[in-house]
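The structure appears below as structure tokens.
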Amino acid sequence: MDPILEKIQELREELTGHNYNYYVLDNPTISDYDFDMKLKELQQLEARYPEYHDPFSPTVRVGGMITKNFETLVHEYRMYSLDNSYSREELEDWEKRVQRILGGTEVDFVCELKYDGASISLTYENGRLVRAVTRGDGFQGDDVTNNVKTIRSVPLKLKGNYPEKFHIRGEIIIPLEGFSRMNQERVEAGEDPYMNPRNTASGSLKLQDNAEVAKRPLDCLLYSIIGEKLNFSTQFEGLEKAREWGFKVPPVTKLCHSTREVMDFIDYWDIHRHELPYETDGVVVKVNSLAQQDELGYTAKAPRWALAYKFKAEQVSTRLSSISYQVGRTGAITPVANLEPVLLAGTTVKRASLHNADQIAKLDVRVGDTVFVEKGGEIIPKIVQVDFTRRQPGSEPTVYITHCPECSTELIRKEGEAQHYCPNYYGCPPQITGRIQHYISRKAMDIEGLGGETVALLYKEGLIENYADLYLLRKEQVIPLERMADKSAENLVNGIAKSKEIPYERVLYALGIRFVGETVAKKLAKAYPSIDTLRRATLEELVAIDEIGVKIAESVVDFFSNEDNVRIVERLRSYGVQMETSPEKLLGQTNLLKGQTFVVSGVFEHISRNDLKKKIEDNGGKVASSISSRTAYVIAGDNMGPSKREKAEKLDIPIISEYDFMEILQRATTGVS
Ligand SMILES: NC(=O)c1ccc[n+]([C@@H]2O[C@H](COP(=O)([O-])OP(=O)(O)OC[C@H]3O[C@@H](n4cnc5c(N)ncnc54)[C@H](O)[C@@H]3O)[C@@H](O)[C@H]2O)c1
Ligand SMILES: [Zn+2]
């Protein structure tokens, strides 16, 4: 094969893989800059060798995809990407080209910030939000209307003088403050923090449970209106109108009459963007006149009337003074780079993440090295490169630790995992205290009067070694501790006693079984309403539960195959901690809908979708997201998607209203009692 074609195909394949990681998994593995450079390389090759043109190349297609978890809707107007550039010369070339195509008439530009989130298209009819669809592949996207309705800055009803029907496009983001609050809560609950606001915003939009979406601090910033019969003729006016109708349009936009002004805008925001409450990754320059935009039109992937000037992630160099190793509550080891403090993107940076042993080896980073630190998408800065020109002679390669820094046990590394682990589950101090801290945390046993520091202190004083020991604590033992008084000791002991009322599903989460987060714990408790039945469950049985994968199932089996764990669970039970779903709770539930699968679609008048789903599940039924021949009923509210309706009709599945459903339930209940 022609080596050029081989190279082209290699790049296409690689970029397609990155698109998948970025848009579908929300988990990119290379930086945006590296991605953009590879894309540019492919663009240049394709331009030089037009015989290898391919309509499916990542250069001519919007990178996103539709998922199968939502209804797919076709965009009335295509959603494009933007051409981007990191260089001012290219920006100037673009401006010249635009002026040339427009035959030398005067051109005004609008500068906007490029908000870093997930694209969304909202449709309004008669002033009401009727649809919210993701960009998807540009032609069609996911119907995420119910999720978007939970975002407070998205108006459900407009004010002022708006067109009868239009689409407005924008970006769903998570502001920095909300993001860090959310991560703080996760860390307190013993969960891994999210990597960056962009991927978290995009992932949140794709959640199935809109009650969960409502808890996320999402925001929506809008930037363009599309439709027929619009009552304005420029982009800048459009932004002003959108504000009047009630949309959140950031105030940082500027109408520029010259290239000079565009450059000034970029210069200013390249520095000051770190003062904004949300992340931006560049400036979007657009031709202001809509008539001129029409004249310029689109390429296969992007408008010719706009260009994104992207900021390069800020980099600084500093010295690596040491590497330390942290041990988490599950025993995972995380290497951390301690740096000479340096100012980066508006904050002082002292530490950077090094991820794992492979990363250290790949960078060949050594103590004493001068390193380049970057704040990319991630909130914790990372070391991107060593400045080898400044390496001190005689420096030694970093040797990864072989033993736990806290308990000296030899570390293990499981096949296929990047992280090293300390296997000393019961003897390693940070694992012991970490587990107890998780047990008492708010989303777990929520023990009032007891905090993380006190746990560490109680452990240090030899009063507790595991969470079961908490229930043996007496007031007199606690009073002598530092900063403890009679009252606080009493609160602590009472708080612990009160935790015996915490329901079984939360106890299950509190146990701290690896990979068993809140949601998984609920699922397990539902499938196995007592710890005894769960303990006897086999790997195959566990995997058969909806959304329980092999990794989780293995971890549950592992947990109960350890005798120490079983002993502690038995002790908890003997102290009165809930080890099964309480009978009162079961009473409120029935098995009336057992064996029946429901699909819930649309918006309901008297019950929220989630309450409806809960009612189904509480009565033994199952809820599925898509219609199949196994669906018993489709419960339809307002705005049920047309394709869902069509499918139900084709498969002859009864479509019922919320009232019909209640009646079925009532009839069945009275029939039984
Ligand atoms: N790291 C990776 O693995 C990876 C993979 C795929 C894509 N990416 C990144 O994503 C980029 C491609 O994504 P893309 O197609 O969404 O392009 P883009 O993010 O570069 O630009 C297009 C998007 O910008 C958004 N936008 C924000 N503010 C805007 C404004 N004021 N006006 C208009 N649009 C605005 C829109 O949602 C639009 O869809 C790549 O260039 C790369 O940087 C990275
Ligand atoms: Zn250890």
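In short: position in the sequence shown from 1, add 461, done, that's the working numbering. The C-beta atom is built at its ideal place from N, Cα and C for all residues, glycine as well. All figures in this text were calculated on a predicted structure; none of them were measured in a lab.
- Message: Quick check: the Cα distance between Asp544 and Leu768, rounded to an integer number of angstroms?
- Response: Within the sequence shown, the letter at position 83 stands for residue 544. Within the sequence shown, the letter at position 307 stands for residue 768. So the alpha carbons of these two residues sit roughly 5 Å apart.
- Item | CA-to-CA distance, Ala675 to Leu985, given in whole angstroms | Numbered from its first residue, the sequence shown carries residue 985 at position 524. Numbered from its first residue, the sequence shown carries residue 675 at position 214. Using only the alpha carbons, I get a separation of about 24 Å.
- Are there three or more Cβ pairs, one per stretch, closer than 8 Å when the stretch 707–721 is compared with the stretch 566–581? Yes, the stretch 707–721 touches the stretch 566–581.
- Query: In terms of alpha-carbon separation, which member of Gly688, Glu943, Ile732 and Leu563 lies closest to Gly743?
  - Reply: Start at 1 with the first residue of the sequence shown, and residue 743 comes out as number 282. Ranking Gly688, Glu943, Ile732 and Leu563 by Cα distance to Gly743 puts Ile732 first.
- Message: Please tell me whether Ile1006 and Ala982 are closer than 7 Å, where the distance is taken between their beta carbons.
- Response: As a working mapping, residue 1006 is identified with position 545 in the sequence shown. As a working mapping, residue 982 is identified with position 521 in the sequence shown. Against a cut-off of 7 Å, the Cβ pair of Ala982 and Ile1006 comes out as no contact.
- Message: Quick check: does the Cβ of Thr867 come within less than 6 Å of any heavy atom belonging to ligand 2?
- Response: Your numbering for residue 867 matches position 406 in the sequence shown. For the record, residue 867 in the displayed sequence is Glu; it is not Thr. Residue side-chain check: Glu867 places its Cβ nearer than 6 Å to a non-hydrogen atom of ligand 2.
- Message: Less than 7 Å between the beta carbons of Leu1054 and Gly1081, yes or no?
- Response: Here residue 1054 is taken as the residue at index 593 of the sequence shown, counted from 1. Here residue 1081 is taken as the residue at index 620 of the sequence shown, counted from 1. Cβ distance < 7 Å, so Leu1054 and Gly1081 count as in contact.
- For Gly888 versus Cys865, is the C-beta distance shorter than 7 Å? As a position in the sequence shown, residue 888 is number 427, starting the count at 1. As a position in the sequence shown, residue 865 is number 404, starting the count at 1. For Gly888 and Cys865, no; Cβs fall outside 7 Å.
- Query: For Arg549 and chain C, any beta-carbon pair shorter than 7 Å?
  - Reply: In the structure shown, chain C cannot be found, because there is only a single protein chain.
- Give a single yes or no on whether Ile992 has its beta carbon closer than 6 Å to a heavy atom of ligand 1. Along the sequence shown, one-based indexing puts residue 992 at 531. Checking every heavy atom of ligand 1 against the Cβ of Ile992, none is found closer than 6 Å.
- What do you reckon, are the CB atoms on Lys1076 and Thr1058 nearer than 7 Å? Start at 1 with the first residue of the sequence shown, and residue 1076 comes out as number 615. Start at 1 with the first residue of the sequence shown, and residue 1058 comes out as number 597. Taking 7 Å as the Cβ cut-off, Lys1076 and Thr1058 do not qualify as a contacting pair.
- Using 6 Å as the cut-off, classify the Cβ of Tyr483 as near or not near the heavy atoms of ligand 1, replying yes or no. The residue labelled residue 483 in the question sits at position 22 within the sequence shown. Answer for Tyr483: yes, Cβ within range of ligand 1.
- Please work out which residues of its chain come closer than 7 Å, Cβ to Cβ, to Gly707, disregarding the five sequence neighbours upstream and downstream, and give them in chain order. Position 246 of the sequence shown, counted from the first residue, corresponds to residue 707. Pro616, Leu619 and Lys620, listed in sequence order.
- Those runs of the beta strand (DSSP E) which lie wholly inside the stretch 532–594 and span at least 3 residues: 533–535, 570–576 and 579–586
- Hey, quick one: how far does the alpha helix (DSSP H) through Ile432 stretch, first residue to last? Lying before the first or after the last residue shown, residue 432 is absent from the chain, which here runs from 462 to 1134.
- Contact check, Ile465 vs Leu506 under 8 Å by CB: the rounded distance? For the purposes of this step, residue 465 is identified with residue 4 of the sequence shown, where counting begins at 1. For the purposes of this step, residue 506 is identified with residue 45 of the sequence shown, where counting begins at 1. About 7 Å separates the two Cβ atoms, so the contact holds.
- Query: How big is the Cα-Cα spacing for Ile1029 and Ala929?
  - Reply: Start at 1 with the first residue of the sequence shown, and residue 1029 comes out as number 568. Start at 1 with the first residue of the sequence shown, and residue 929 comes out as number 468. So the two alpha carbons sit approximately 6 Å from each other.
- Message: List, from N- to C-terminal side, the beta strand (DSSP E) runs of 3 residues or more that fit wholly inside the stretch 948–994.
- Response: none
- Query: In terms of alpha-carbon separation, which member of Glu914, Glu537 and Val860 lies closest to Arg630?
  - Reply: Start at 1 with the first residue of the sequence shown, and residue 630 comes out as number 169. With distances taken between Cα atoms, Arg630 lies closest to Glu537.
- Item | Runs of beta strand (DSSP E) lying entirely within the stretch 614–674, each at least 3 residues, in chain order | 626–634
- Query: If we count Cβ pairs, one from each stretch, closer than 8 Å, do we get three or more for the stretch 1111–1129 versus the stretch 1059–1069?
  - Reply: The stretch 1111–1129 vs the stretch 1059–1069: in contact.
- Task: Compute the minimum distance between the beta carbon of Ala508 and the heavy atoms of ligand 1, and state whether it is under 6 Å.
- Result: Looking up residue 508 in the sequence shown gives position 47. Not under cutoff, so the answer is no.
- Message: Please report the straight-line C-alpha distance between Met1123 and Leu1073, rounded to a whole angstrom.
- Response: Position 662 of the sequence shown holds residue 1123. Position 612 of the sequence shown holds residue 1073. Their backbone Cα atoms lie some 10 Å apart in a straight line.
- Query: Ends of the alpha helix (DSSP H) at Thr915?
  - Reply: In the sequence shown, counting from the first residue as 1, residue 915 sits at position 454. Its alpha helix (DSSP H) spans residues Gly913 to Lys921.
- Item | Cβ-Cβ distance between Asn817 and Gln880 below 7 Å | For the purposes of this step, residue 817 is identified with residue 356 of the sequence shown, where counting begins at 1. For the purposes of this step, residue 880 is identified with residue 419 of the sequence shown, where counting begins at 1. Against a cut-off of 7 Å, the Cβ pair of Gln880 and Asn817 comes out as a contact.
- Task: Would you mind reading off the limits of the alpha helix (DSSP H) that contains Ile1077?
- Result: For the purposes of this step, residue 1077 is taken as residue 616 along the sequence shown, with counting starting at 1. In the DSSP annotation of this structure, the continuous segment of the alpha helix (DSSP H) that includes Ile1077 starts and ends at Arg1070 to Asp1079.
- Query: Would you say the beta carbon of Thr894 comes nearer than 6 Å to a heavy atom of ligand 2?
  - Reply: For the purposes of this step, residue 894 is taken as the residue at position 433 of the sequence shown. Checking the Cβ of Thr894 against ligand 2 gives no.
- Report the option in Ser949, Gly1037, Thr566 and Thr999 whose CA atom is closest to the CA atom of Gln753. Working through the sequence shown from its first residue, we reach residue 753 at position 292. Cα-wise, what sits closest to Gln753 is Thr566.
- Query: Bridge partners of Gln1039, per DSSP?
  - Reply: In the sequence shown, the residue the question calls residue 1039 occupies position 578. According to DSSP, which records beta bridges pairwise, Gln1039 is partnered with nothing at all.
- Buried versus exposed, by CB contacts within 10 Å (16 or more), Arg473: Position 12 of the sequence shown, counted from the start, is the residue given in the question as residue 473. By the neighbour-count rule (16 or more Cβ atoms within 10 Å), Arg473 is buried.
- Task: For Tyr1138, name the three-state secondary structure that DSSP assigns.
- Result: Look at the range of the chain in this structure, 462 to 1134, and you will see that residue 1138 is not part of it.
- Nearest to Glu532 by alpha carbon, out of Leu500, Asp604, Asn587 and Ser1069? Counted from its first residue, the sequence shown places residue 532 at position 71. The option with the nearest alpha carbon to Glu532 is Asp604.
- Item | Backbone secondary structure at Lys811 - three-state DSSP | Here residue 811 corresponds to residue number 350 of the sequence shown, with the count starting at 1. Lys811: strand per DSSP, three-state reduction.
- Task: Assuming Glu835 and Ala774 form a contact by the criterion Cβ under 8 Å, report the distance between their Cβ atoms to the nearest whole angstrom.
- Result: On the sequence shown, residue 835 is found 374 positions in, with the first residue counted as 1. On the sequence shown, residue 774 is found 313 positions in, with the first residue counted as 1. Rounded to whole angstroms, the Cβ separation of Glu835 and Ala774 is 5 Å, and the two are in contact under 8 Å.
- Item | Residues near Asp947 in its chain [Cβ-Cβ closer than 7 Å; skip 5 each side] | Numbered from its first residue, the sequence shown carries residue 947 at position 486. For Asp947, where only same-chain residues beyond five positions count, the Cβ hits under 7 Å are Ile940.
- Task: Flag this pair as yes or no: are the beta carbons of Leu751 and Asp830 separated by less than 7 Å?
- Result: Taking the sequence shown and counting its residues from 1, the one referred to as residue 751 is at position 290. Taking the sequence shown and counting its residues from 1, the one referred to as residue 830 is at position 369. Against a cut-off of 7 Å, the Cβ pair of Asp830 and Leu751 comes out as no contact.
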